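Below is one structure, written out as structure tokens, with a few remarks after it.
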Amino acid sequence: MKTRVYVMVHGRVQGVSFRHYTSRRAMALGVAGWVRNLPDGSVEGVFEGDVSAVDALVDWCRQGPPAARVERVDVREEPYAGEFTDFSIRH
């Protein structure tokens, strides 16, 4: 079964390669979508793919890369759209 989620990651998540690591992890899991930095210091993204793969990516976001300090991850389920064919870092 396929799913789509919108995530917002709060904490020390910019300047620690969070987007790069998230992109690599997403590609390894076969998750499509995007991730980007926000002006308030958080990171947001949209993930689409198999439920287990998207869940694994969200779980990874709760830890992040070694230099990150994740305080909170907000997750909102959205209707699956099949909108993406790959994963990208948006600017």
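Residue numbering for the sequence shown follows the numbering used here, beginning at 15 and increasing consecutively. Even glycine gets a Cβ: it sits at the ideal position worked out from N, Cα and C. Please read these numbers as outputs of a predicted model, since none were measured by experiment.
Less than 8 Å separating the beta-carbons of residue i and residue j?
i	j	result
Val8	Glu58	Residue 8 is absent from the structure shown; the chain starts at 15 and stops at 105.
Ala67	Val30	no
Val27	Gly78	yes
Val23	Cys75	yes
Arg50	Arg104	yes
Gly47	Phe101	yes
Val60	Met15	no
By the 10 Å Cβ neighbour count, where 16 or more other Cβ atoms means buried, how is residue i classified, buried or exposed?
i	result
Thr99	exposed
Gly63	buried
Gly96	exposed
Leu71	buried
Using only CA atoms, which one of the options lies nearest to residue i?
i	options	result
Arg33	Leu43, Ser56, Val19, Asp73	Ser56
Leu14	Pro53, Leu52, Asp73	Coverage of the chain is limited to positions 15 through 105, which leaves residue 14 absent and any answer about it impossible.
Glu91	Asp69, Asp54, Leu52	Asp69
Tyr35	Pro80, Asp54, Thr17	Pro80
In the DSSP output, what is residue i paired with across the bridge?
i	result
Ser56	For Ser56, which the question treats as bridged, DSSP gives no partner whatsoever.
Tyr20	Val60, Arg90
Trp48	Val60, Ser102
Gly29	None, per the DSSP bridge assignment.
Val84	Gly25
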